[in-house]
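Sequential numbering from 30 applies to the sequence shown in my numbering. Comments concern the structure below.
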Amino acid sequence: MPTSSTCPPTSWWRLIRFVAREDGQTYFGQPVDDALDVGIAYANASPPIRANVLFAHPLEASISPAPLSGVIKTVSTLLPPLLPSEVPSIRALGANFIQPNQDPHTAIQKRPVLPILFYKPNTALSGPVAKSSSPLCRLGIRLRSRTGRYPRSIH
Numbered sequence: 030m031p032t033s034s035t036c037p038p039t040s041w042w043r044l045i046r047f048v049a050r051e052d053g054q055t056y057f058g059q060p061v062d063d064a065l066d067v068g069i070a071y072a073n074a075s076p077p078i079r080a081n082v083l084f085a086h087p088l089e090a091s092i093s094p095a096p097l098s099g100v101i102k103t104v105s106t107l108l109p110p111l112l113p114s115e116v117p118s119i120r121a122l123g124a125n126f127i128q129p130n131q132d133p134h135t136a137i138q139k140r141p142v143l144p145i146l147f148y149k150p151n152t153a154l155s156g157p158v159a160k161s162s163s164p165l166c167r168l169g170i171r172l173r174s175r176t177g178r179y180p181r182s183i184h
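Listed below in structure tokens is the structure:
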């Protein structure tokens, strides 16, 4: 189990937030199968993802660190790890990844020395199967699915 010198150790190390098939309630937990790729299993709907439920919210200061309860639930819907109300803003570093049809050597040479810092509003937080809230983004996704290419600009 990974630990950090600045944070108390936790009994979990692969946190997921999900809606349980058994009761329709939302839980935090850790997948029971340590080798299971949760993203692939959820996308393929197989095998069922089973999770050991946490006793409390993992960021709850009064019960830190939140221990595993031993109660096992089956994932019905995989959710983002945090609610938008728990995330004031999203701050991220862009590494300027190599784009499709771009020469890798040239892309690496032209990459900025420092990564680019960018912000997103907390409304950009979504789960793995959530629908896009931006009409232009939805249009771009539809165009890509039909043409195999994402449009450079949509007006």
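Ideal placement from N, C-alpha and C gives every residue a C-beta, glycine not left out.
DSSP places Asn151 within a helical segment (H, G or I) once states are collapsed to three. Remark: three or more beta-carbon pairs, one from each stretch, lie closer than 8 Å, so the segment 105-115 and the segment 48-62 are flagged as touching.
Each residue's CA atom was taken as its position, placing Ile137 and Leu146 some 18 Å apart. Here the alpha carbon of His134 sits roughly 15 Å from the alpha carbon of Val142. Between Val82 and Val100, the C-beta spacing is below 7 Å. Looking at the backbone, the Cα of Tyr71 and that of Pro157 are separated by about 9 Å. When DSSP states are grouped into helix, strand and coil, Ser40 belongs to the coil group.
Excluding five sequence positions before and after Pro150, the CB atoms of its chain that fall closer than 8 Å to its own CB belong to Ser118 and Ile119, given in chain order.
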